[in-house]
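Below you'll find the structure, written out as structure tokens, and then a few comments.
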Amino acid sequence: MFSRRTSTVVTLVVVALVAVALVASALPVFAAPAAALPAHAQLVSTDPEDGASVGTLEQVTLTFSEEVNDRFLQVRVEGPDGDETDGAPRVEGTSVEQQLVTDLPAGEHTVTYRVVSVDGHPVSGSLSFTTTEAPARPSGTPSSSPTSSPATTSASPSPSSSSEPPSASASSEPGWLVPALGVLVLLLLVAGVALALHRRRSARG
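When the count follows UniProt numbering, it moves up by one through the sequence shown with no breaks and lands on 205 for the last residue.
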């Protein structure tokens, strides 16, 4: 009788240890950070920045967290005179550049974009900026003086060094916690049922 009980207890202990080992080996799968999973492209910076006020501008640059598909680019810039894009957008690494018309008027301009990341996920959004200088228009009457003061060219603003970090809604509760608790509760229930059956059989014996 003693050896039979001892054998049963040893069996239960071995089963419990195997279950714990399985749970421990599965935890890294649940605990893997979300960053290890394939992420979609996110807009990390723009030139000009959203809401910025600049003198004049030649192009709009959108920088993403990863490369985007150059076959599915849509960038539209609209202002007081309507569409202000000059040609199609082009990809330079992780950046998308859109040239603007040379006679960009002063006022508020809105940029809308839609790109597709390398994993096929579409990314879209919009931003706005304001230009404060209208393009210089040529004078209708030429000057008779042989010497003329050189026209002052407004330098294009250098790309902004500050980049807005992508908004990431990180959950404060790890995603593996709930499945792990569920597995532990299930193991406790199985162990409790096995112990109750063992005691009942021992009492009958």
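Note that the Cβ used here is the ideal one computed from N, Cα and C, for glycine as well.
- Asp70 and Asp119 have their C-alpha atoms roughly 13 Å apart.
- Ser128 and Tyr113 do not touch by the CB rule: their CB atoms are close to 12 Å apart, not below 8 Å.
- For Thr63, the enclosing beta strand (DSSP E) covers residues Gln59 to Phe64.
- By the 16-neighbour rule on beta-carbons within 10 angstroms, Asp81 is exposed.
- Its Cα nearest to that of Glu67, the residue Leu43 stands out among Leu181, Leu43 and Glu133.
- Residue nearest to Val60 within the set Ala41, His40, Asp86 and Val185 is Asp86 (criterion: CA-CA distance).
- A Cβ-Cβ separation of about 17 Å leaves Arg90 out of contact with Glu84 under the 8 Å criterion.
- Between the alpha carbons of Gly79 and Gly93 lies a distance of about 28 Å.
- The beta carbon of Ser117 lies closer than 7 Å to those of His40, Ala41, Glu66, Val68 and Val123 in the same chain, with the five residues before and after it left out.
- Ranked by how close their Cα comes to the Cα of Ala134, the residues Ser126, Glu108 and Asp103 have Asp103 in first place.
- Cβ-Cβ separation between Ser95 and Leu57: approximately 16 Å, too far for a contact (criterion under 8 Å).
- Under the three-state reduction of DSSP, Val185 is assigned to helix.
- Ranking Ala191, His121 and Val77 by CA distance to the CA of Pro105 puts Val77 first.
- Residue state for Val68 is assigned as strand, using DSSP reduced to three classes.
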